[in-house]
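Chemist: Could you have a look at this structure, given as structure tokens, before my questions?
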Amino acid sequence: MTDHSDKVISIAAAFDKAEKRGRKSGGGKGGGEPPAQPPDGRHIAPPRLPPSSPVQALGVNQREYYFLNARGQFQMLLDKDIGRNAILGLFGGDEFLRAQWPKYDRSGKHVVNFDHGLMSPVLIASCHDKGIWSPEDNVRGVGTWMEDDGTLVMHCGDYLFLTNGMKVATGLRGKMLYPAAPPQPHPETARGGDRGPAALLLAKLKTWNWERGDLDAMLHLGWIGAGIYGAAPDWRPIEWITGGSGTGKSTLMKLTRWIFGGRAMIKSEDATPAGIKQRVRDTALPVSLDEIESEGNNSRARDIVKLARIASSGGESLRGQPGGAAQTFVSRNTFQFSSIVIPSLPQQDKNRMAILQLDQVEWEGAQPTREPGEDLDEDAGEDEDDSILGKRAEWERIGRQLRGRALAEWPRYKRTFRAYRRALEANGHNARGRDQFGALGAAYDCLMFEGFEADRAAAWAARLPAASLPETSGYSSSHQACLAHLLGATVEMWRGGSRESVARLLRGARSERGTTAISNDMPSVAALEQIGVKLFRDARNTDPQVKVWQVAISNNHPGLGRIFRETDWSGLPGAPGAWAQMMARLHGAVTRSGKGEPLRLRFDGTLNYCCLLPWDTVFPPAADNDDDGELVDARDRD
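So the mapping is simple: our numbering equals the position in the sequence shown, first residue as 1, plus 26.
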């Protein structure tokens, strides 16, 4: 019998040797086993980001993972994007990665790279450990913010400056993230008063020829203060500077931008709403937009102003995105506009603004006495950056000192703002006027003075009477404007072909009546009926000697639909128009009968729900001083 034991042993040894070669080479279609790990006692790769990691996990929201990278900047990665290059970008190189998650050579002795296959689970798990997190609510970029305890945080990109004078690193503060960014001007300590930086800047601002003199210069200084305070106050005022050629508008804008510093203001001469949103993102920086002119189509200007209006109170706008996810945009920026002509704006936008008009400087003969902004007591030297403004570095230093003033006086800001609002209320301002000019006054006060004094608020309000300001006058309420639009609309006369305004037709209908009852055969009456307006004497009046005239206005007549088409008071066919809501808000309006039922009248034979207005509401009686050739305060007509 033959002994085969030696052959069996030789075959087994050969298979064992081949298997060892396969493990070392990683052969086979499946890639083989991973390279040998180092002997016991050497480094073990951590399953989460360790405390010493230069990258910090912030949290997760669906497929989005949020981090602070090695430079302290905020970074989001989708789960599918957490690969080798993305990981290298997070850590700013591979030194830390090779030390913590090494990949060894075939012998298992020398580190040749980092194992990015291990890193993806580490990053994902570290974010999940932090929980659900959203940048929309928690990321605060460069600019000034207020925390829940009232602390002011001035985020200057590389450091945070706090109300208590501390200078701290960027990063997480509680639940809020202040990511690192390119450095911006740091605040510098400065005193207030006549020799302070605000007084120096105000003296320069007074060298422009403002329409309202020193008041406009003070308002502009207040806007600069509001821009420095950024998102911290509850209200962020809007400023619009306007002036023709030769008024020094461009020079003023240059000075303002020098005060803020190069990176501390978002500026553009040709912006779109989408571009502004992308640039603003999570910052609280002031926004300066030049050349927002009145054009034939003002839609872009209106959309930008709408964005500024939302930012003034920190409102939100929502937009749908591909995939069904909604994008929330929240702006807490202070806006500044400048143009030769201000576009036509609705009241809700204009009463959020300080409108500052620049005029040309005084002339002697055919030449101006000086350039706008030029101080004749100083001559420009050869080393000046601008022949009118002088050295940029000096104005930038004043800007840093103004930041220091804003930081130092913040603890009294709310008290100051309340005092200015109360003083403005006593001078006839509505809620919007109190917010707008109160915020400008409080910021001006904090930059200029040390400590709180109520008398300064009263003096400020006395210079801003609500009835004479272009920002708060020249507009009717929305319901009064709606009525005015109706009265000014023209209607084709019945059987005549000529056109008359609704106001003239109403007056004509009264004169046509004479001593007889109103008849639909009367031209003015018929023309009114065809648009949904009716004049009649109120039968509820018990004294036949007193003629109480009422104007009935249909809620949904097609004729009124045509008049109010393409206005804010339009309506859908067959449905009550928005004008019906406006008419119901007018003084003395009646929409229901004594039994509480909605009023209905026949207009041209058809029953319509309607609103009744007293004649004196439609045509207010003349005031005592209302005479030909004499101007009348609009309030005397209300």
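We put the CB at the ideal spot given by N, CA and C, even for glycine.
Bear in mind the structure is a predicted one, so any value in this text is a computation, not a measurement.
#1: Under 6 Å Cβ to Cβ from E265, same chain only, skipping five residues before and after it: list those, please.
#2: Could you tell me which uninterrupted alpha helix (DSSP H) segments, each at least 4 residues in length, are contained entirely in the region 269-314, listed from first to last along the chain?
#3: Identify, in the order they occur along the chain, each residue of the same chain with its Cβ nearer than 7 Å to the Cβ of R97, setting aside the five sequence neighbours on each side.
#4: Is I70 buried or exposed, if buried means 16 or more other CB atoms sit within 10 Å of its CB?
#5: Since P624 sits in a beta bridge, which residues does DSSP pair it with?
#6: N139 by DSSP, collapsed to three states: which one?
#7: Quick one: give me the first and last residue of the beta strand (DSSP E) that M172 is part of.
#8: Suppose you measure from the CA of M172 to the CA of T189; what does that come to, to the nearest Å?
#9: At 3 residues or longer, and completely inside the region 153-213: list those beta strand (DSSP E) runs for me, N to C.
#10: Run through the DSSP bridge pairs and tell me what T516 is partnered with.
#11: Exposed or buried, which one is H181 when buried takes at least 16 other CB atoms within 10 Å?
#12: Let me check you understand the geometry: is the CB of F363 closer than 6 Å to at least one non-hydrogen atom of the ligand MG?
#13: Which residues mark the beginning and the end of the beta strand (DSSP E) in which R632 is found?
#14: Going by C-alpha distance, which of A327, G585 and M291 is nearest K376?
#15: Note down, in chain order, each residue of its chain lying with its Cβ closer than 6 Å to the Cβ of L473, except the 5 sequence neighbours on either side.
#16: Would you say T632 and L625 are within 7 Å of each other, going by their C-beta atoms?
#17: Considering only C-alpha positions, which residue in the set L149, P77, G134 and V306 is nearest to A112?
#18: Which of the three DSSP states is assigned to D412 in this structure?
#19: From G457 to L612, what distance separates their C-alpha atoms?
#20: In three-state DSSP terms, what is W127?
#21: Taking just the CA atoms, how far does Q101 sit from F93?
#22: So for N111, helix, strand or coil by DSSP?
#23: Please check the pair L333 and S357, which I expect to be a contact at CB under 8 Å, by giving their CB distance rounded to whole angstroms.
#24: Which one or two residues does DSSP pair with R563 in a beta bridge?
#25: Whose CA, out of D220, E295 and L231, lies closest to the CA of L281?
#26: Compare the beta carbon distance of F122 and P80 with 7 Å and say whether it is the shorter of the two.
#27: Considering just the uninterrupted stretch of the beta strand (DSSP E) at M608, what are its terminal residues?
#28: Between which two residues does the alpha helix (DSSP H) harbouring V331 extend?
#29: From the DSSP secondary-structure annotation, give me the bridge partner or partners of L104.
#30: For Y23, tell me which candidate among Q506, R396, S537 and P259 has the shortest Cα-Cα distance.
#31: Considering only their Cβ atoms, is the gap separating T309 from G167 smaller than 7 Å?
#32: Nearest by alpha-carbon distance to A445: which of D471, H455 and A483 is it?
#33: Let me check understanding here. Comparing Cα to Cα, which of W436, W486, L433 and D481 lies closest to H455?
#34: Tell me whether G251 sits in a helix, a strand or coil according to DSSP, three-state version.
#35: Within the same chain, show all residues whose beta-carbon is closer than 6 Å to that of S146, passing over the 5 residues directly before and after it, in chain order.
#36: With DSSP as the reference, label Q99 as helix, strand or coil.
Modeler: In terms of the structure at hand:
#1: Your numbering for residue 265 matches position 239 in the sequence shown. In chain order, W249, Q362 and A380 place their CB closer than 6 Å to the CB of E265, counting only its own chain and leaving out the 5 sequence neighbours on each side.
#2: Runs of alpha helix (DSSP H) with 4 or more residues, each lying fully within the region 269-314, are found at 275-286 and 299-306, listed in chain order.
#3: By 1-based counting over the sequence shown, the position of residue 97 is 71. So the qualifying residues of the chain are G118 and A206.
#4: Taking the sequence shown and counting its residues from 1, the one referred to as residue 70 is at position 44. With fewer than 16 other Cβ atoms within 10 Å, it is exposed.
#5: Taking the first residue of the sequence shown as position 1, residue 624 is located at position 598. P624 pairs with R618.
#6: In the sequence shown, residue 139 corresponds to position 113, counting from 1. In the structure shown, N139 sits in a strand (DSSP, three-state: E or B).
#7: Taking the first residue of the sequence shown as 1, we reach residue 172 at position 146. Annotation for M172: the continuous beta strand (DSSP E) segment containing it runs G169 to M172.
#8: Residue numbering aside, residue 172 sits at position 146 when the sequence shown is read from its first letter. Residue numbering aside, residue 189 sits at position 163 when the sequence shown is read from its first letter. Their backbone Cα atoms lie some 10 Å apart in a straight line.
#9: Qualifying beta strand (DSSP E) stretches, in chain order: 169-172, 178-181, 185-188, 193-195, 197-199 and 202-204.
#10: Along the sequence shown, one-based indexing puts residue 516 at 490. Within the DSSP secondary-structure output, T516 pairs in a beta bridge with S527.
#11: As a first step, residue 181 is located in the sequence shown; it is residue number 155 there, counting from the start. Around the beta carbon of H181, 16 or more other beta carbons sit within 10 angstroms, so the residue counts as buried.
#12: As for the ligand MG, it is missing from this structure, which has no ligand bound.
#13: Counting from 1 along the sequence shown, the entry for residue 632 is found at position 606. According to the sequence as given, residue 632 is Thr; it is not Arg. For T632, the uninterrupted beta strand (DSSP E) segment begins and ends at T632 to P640.
#14: Reading the sequence shown from its first residue, position 350 is the one you call residue 376. When each option's Cα is compared against that of K376, the closest is A327.
#15: Translated into the one-based positions of the sequence shown, residue 473 becomes position 447. Within the same chain, L473 has close Cβ partners A224, G251, L428 and R431.
#16: Taking the first residue of the sequence shown as 1, we reach residue 632 at position 606. Taking the first residue of the sequence shown as 1, we reach residue 625 at position 599. Cβ distance not < 7 Å, so T632 and L625 don't count as in contact.
#17: As a working mapping, residue 112 is identified with position 86 in the sequence shown. Of L149, P77, G134 and V306, the residue nearest in Cα terms is L149.
#18: In the sequence shown, residue 412 corresponds to position 386, counting from 1. Looking at D412 - three-state DSSP - the assignment turns out to be strand.
#19: Counting from 1 along the sequence shown, the entry for residue 457 is found at position 431. Counting from 1 along the sequence shown, the entry for residue 612 is found at position 586. A small fix is needed here, since residue 457 is Ala in this sequence, not Gly. Using only the alpha carbons, I get a separation of about 20 Å.
#20: Translated into positions along the sequence shown, residue 127 becomes position 101. DSSP places W127 outside both helix and strand once states are collapsed to three, so it counts as coil.
#21: Translated into the one-based positions of the sequence shown, residue 93 becomes position 67. Translated into the one-based positions of the sequence shown, residue 101 becomes position 75. For F93 and Q101, the distance between alpha carbons rounds to 5 Å.
#22: Counting from 1 along the sequence shown, the entry for residue 111 is found at position 85. The answer is helix: DSSP assigns N111 an H, G or I state.
#23: One-based indexing of the sequence shown puts residue 333 at position 307. One-based indexing of the sequence shown puts residue 357 at position 331. For L333 against S357, the beta-carbon gap comes to about 7 Å, under 8 Å, which counts as contact.
#24: Locating residue 563 in the sequence shown gives position 537, counting from the first residue. Note: R563 sits in a beta bridge opposite W575.
#25: In the sequence shown, residue 281 corresponds to position 255, counting from 1. Among D220, E295 and L231, the Cα nearest to that of L281 is on L231.
#26: By one-based count along the sequence shown, residue 122 stands at place 96. By one-based count along the sequence shown, residue 80 stands at place 54. The criterion of a C-beta distance shorter than 7 Å is satisfied by F122 and P80.
#27: Residue mapping note: residue 608 aligns to position 582 of the sequence shown, counting from 1. Premise fails: M608 lies in the alpha helix (DSSP H), A604 to A610, not in any beta strand (DSSP E).
#28: The residue labelled residue 331 in the question sits at position 305 within the sequence shown. Taken as a continuous stretch (DSSP letters only), the alpha helix (DSSP H) holding V331 covers S325 to S339.
#29: Against the sequence shown, residue 104 aligns to sequence position 78. Beta-bridge partners of L104 (DSSP): E90.
#30: A query on residue 23 cannot be resolved here, the shown segment of the chain reaching from 27 to 664 and no further.
#31: Residue mapping note: residue 167 aligns to position 141 of the sequence shown, counting from 1. Residue mapping note: residue 309 aligns to position 283 of the sequence shown, counting from 1. Taking 7 Å as the Cβ cut-off, G167 and T309 qualify as a contacting pair.
#32: Mapped onto the sequence shown, residue 445 falls at position 419. The shortest Cα separation from A445 among D471, H455 and A483 belongs to A483.
#33: Residue 455 sits at position 429 when you count from the first residue of the sequence shown. Of the listed residues, the one whose Cα sits closest to H455 is W486.
#34: Residue 251 sits at position 225 when you count from the first residue of the sequence shown. In this structure, G251 counts as helix in the three-state DSSP scheme.
#35: Start at 1 with the first residue of the sequence shown, and residue 146 comes out as number 120. For S146, where only same-chain residues beyond five positions count, the Cβ hits under 6 Å are I108.
#36: Here residue 99 is taken as the residue at index 73 of the sequence shown, counted from 1. Q99 falls in the coil class under three-state DSSP.
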